[in-house]
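Numbering (this note's numbering), first residue to last: 32 to 746.
If you want it as structure tokens, here you go:
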């Protein structure tokens with residue numbers, strides 16, 4: 032059983048999709064796509080990041096370069112600053128009604144300004160409004176402490192389900208074992224101590240944050256979670272499969288406790304203020320003056336993070352939204368995500384693989400069903416763009432859907448489909464187009480491409496509308512021209528006529544010198560084939576009329592064309608030998624169309640259609656009945672008609688009515704009366720002139736048995 036072309040294409044598309052999926056999987060599983068995926072993710076974040084519901088609940092105070100310059104210029108302060116300056120910042124946050132404040136500063140050494148400086152700072156922290164978060168640093172390789180220091184208060188936090196989770200994930204094996212802790216004045220008075228250690232992804236870009244660490248059996252939160260717990264210390268914490276719950280907030284985490292950050296935008300998206308401006312504002316307010324910062328409630332119920340942004344203080348990190356991003360702003364982003372419940376969730380591997388397979392198969396099948404350069408390019412563009420759109424939509428929904436593996440699967444599929452297409456059908460289609468584009472309309476060529484099995488000997492019976500044309504007096508014209516001029520003339524004429532035939536969906540059977548033979552309704556089915564054929568004939572006559580003056584300048588004569596059209600059953604298909612054949616037609620209907628073209632000579636007309644064609648037109652074009660003729664090779668007479676464009680018919684309506692009267696008299700055998708009527712039209716109607724002559728000959732030699740039929744004895 033022969034496989035249908037459509038099924039064959041679908042199977043080829045599925046094969047291409049399978050190849051794309053397997054290769055994408057082979058590159059994805061070893062992690063070879065990770066670095067590219069990181070860049071693709073950063074592109075999405077840069078393009079789609081936007082503030083969240085809790086973005087305005089967070090404030091940043093930066094010790095920036097302007098603050099350092101101000102301290103040196105106005106107060107002769109070198110770095111590090113005395114810690115009593117930070118007391119002013121704490122007082123301003125207290126005055127403003129902040130909810131909690133976290134200092135991303137490691138106070139690991141006593142102040143250069145003496146014990147009193149540390150004690151003053153400790154007392155400011157102890158005031159406890161707002162609650163203060165201090166920084167520790169935990170890692171596997173750095174830090175003097177390997178046990179929880181006795182001078183540091185025990186953490187108040189516990190995470191339900193932590194021990195089973197550590198055993199299940201193995202995360203406990205890599206927990207922090209060394210630490211750097213702040214001086215006692217800071218450690219003892221802080222509401223919470225938080226681990227400021229950040230780990231980047233393998234490409235050194237910070238996209239994740241670890242929400243807690245375990246040191247000597249104690250839970251140490253991240254600055255983001257620490258700031259939250261400083262304001263709400265009784266919040267229950269629990270680990271369930273794949274998530275850390277913080278009160279009513281559920282945070283998706285991986286097996287190492289990392290959460291994917293949902294960045295809000297470039298640095299500065301969270302409202303930030305210069306430390307110098309905050310300090311000066313507080314000092315002015317103490318003296319009854321005006322704050323440098325607008326508004327009295329800038330920090331009201333807000334979480335405040337204090338950190339460094341000055342380039343020389345070395346706390347700038349590469350992130351998806353910027354190559355230079357303050358580390359403290361990473362913590363602010365994490366707290367924003369906690370409050371908004373919108374950390375990014377990774378796409379499950381099973382779903383990713385299913386989607387990769389589905390897209391690859393769709394790309395293979397989708398491209399297999401289209402043909403032509405434009406449609407193919409549109410299909411390729413659509414399927415290449417589709418993973419990007421899906422990845423962007425997933426981002427909006429809060430998921431990291433890996434883009435590169437999807438894009439690789441689709442791209443390999445499209446490449447494979449192209450290779451399969453070229454090696455199987457592409458060369459065959461190329462051959463068909465080159466072999467037949469000069470003879471068949473583009474629609475017919477596409478039909479043959481879809482059904483190449485038709486390129487074999489044999490035919491089928493079809494109802495066709497058949498077109499024969501010939502140039503009037505072409506033999507005399509050709510004798511007066513050089514071969515090169517004759518060839519150029521024919522090419523110009525045949526090209527113009529063929530273009531019209533193809534535009535009307537016709538198939539050019541062949542050219543015989545100046546003659547054109549064409550047909551409609553094969554190989555494509557055309558329910559309006561008669562209308563197309565007649566319209567093509569009228570358009571060809573109109574086109575030739577427009578070209579006639581130019582042709583006359585070249586050859587010195589008017590160029591006119593006779594056309595005969597008939598509709599009827601014929602056998603159409605590939606005729607010839609096994610090595611050379613033509614797509615052509617055979618049958619009595621074909622012969623009649625040829626005869627009708629020649630009959631134009633008898634009546635001085637240029638386009639004749641048969642009664643069979645007229646019946647299929649269903650009134651689409653007006654006609655005048657021309658005659659009933661007997662044709663060589665046929666027993667029954669044929670009624671013939673001359674078609675016209677509606678405007679032409681309307682302009683000749685009166686004369687055509689007179690002609691019809693004369694024709695009726697002719698049919699009845701009243702030749703004298705008919706001759707009188709036709710003679711009155713002879714100066715403007717060549718058919719009437721031909722009838723007038725015919726009537727005179729019949730008057731001179733009256734027929735014995737008159738049946739109204741004009742006997743045509745020439746071909």
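Just so it is clear, CB atoms sit at the ideal spot from N, CA and C, and this is done for glycine as well.
Same chain, Cβ closer than 7 Å to residue 283, neighbours up to 5 away in sequence not counted: 273, 274, 290, 374 and 376
For residue 254 and residue 70, the rounded distance between their alpha carbons: 27 Å
8 Å Cβ cutoff, residue 326 in contact with chain D: Of the chains in the structure shown, none is chain D; there is only one protein chain.
According to DSSP, residues forming a beta bridge with residue 210: 169 and 176
Residue from 311, 256, 193 and 295 with nearest C-alpha to residue 287: 193
Rounded separation between residue 736 and residue 640 - CA only: 27 Å
In chain order, each beta strand (DSSP E) run of at least 3 residues that lies wholly inside the region 213-263: 223-226, 239-241, 243-246 and 249-252
Option nearest residue 165 by Cα separation, candidates 324, 153 and 134: 134
Assigned secondary structure, residue 591 (DSSP; H/G/I helix, E/B strand, else coil): coil
First and last residue of the uninterrupted alpha helix (DSSP H) at residue 193: 193-200
Cβ-based burial, residue 154 [other Cβ within 10 Å; buried from 16]: exposed
Contiguous alpha helix (DSSP H) assignments of at least 4 residues, all confined to the region 112-138: 115-127
Status (buried if at least 16 other CB within 10 Å, exposed otherwise) for residue 488: The pLDDT assigned to residue 488 is 49, lower than 50, so where the model puts this residue is not dependable, and the model offers no usable value.
Outcome for residue 734 when other beta-carbon atoms lying within 10 angstroms are tallied against a minimum of 16: exposed
Residue 356 - containing beta strand (DSSP E), residue span: 353-357
C-beta atoms of residue 525 and residue 603 nearer than 8 Å: no
Whether residue 758 touches residue 563 by CB criterion (8 Å): Shown here, the chain extends from 32 to 746; a query on residue 758 therefore has no answer.
Beta strand (DSSP E) runs contained entirely in the region 487-529, provided each spans 3 or more residues: 489-502
Collapsed DSSP secondary structure at residue 269 in the structure displayed: strand
Beta-bridge partners of residue 539, as assigned by DSSP: 549
Inter-residue CB distance, residue 176 and residue 138 (contact presumed, cutoff 8 Å): Incorrect: roughly 15 Å between the Cβ atoms, too far for contact.
Check: residue 674 C-beta below 7 Å from any heavy atom of the ligand COA: What this structure holds is no ligand at all, so the ligand COA is not there to describe.
For residue 673, the residue or residues it bridges with in DSSP: 655
Residue environment, residue 438, which counts as buried when at least 16 other CB atoms sit within 10 Å: buried
Contacting residues, own chain, Cβ-Cβ under 7 Å from residue 28 (five flanking each side not counted): The chain is shown from 32 up to 746; residue 28 falls before or after that span and cannot be answered.
Spatial distance of residue 264 from residue 333 (CA atoms): 16 Å
Of the listed residues 116, 347 and 490, nearest to residue 311 (C-alpha basis): 116
Residue 435 - DSSP class collapsed to helix/strand/coil: helix
Host beta strand (DSSP E) of residue 274 (start-end): 274-277
Nearest-angstrom Cα separation, counted from residue 223 out to residue 251: 9 Å
Simplified DSSP state of residue 67, which is helix, strand or coil: helix
Bridge partners - residue 533, DSSP secondary structure assignment: According to DSSP, residue 533 bridges with nothing at all.
Neighbourhood of residue 270 by C-beta, 6 Å cutoff - its chain only, sequence neighbours within 5 removed: 190, 192, 193 and 196
Selection from 435, 690 and 561 that minimises the alpha carbon distance to residue 642: 561
8 Å CB neighbourhood of residue 201 in its chain, flanking five on each side removed: 286
Beta-carbon separation (whole angstroms), residue 352 vs residue 279, contact threshold 8 Å: Actually they do not touch by this definition, with Cβ atoms about 28 Å apart.
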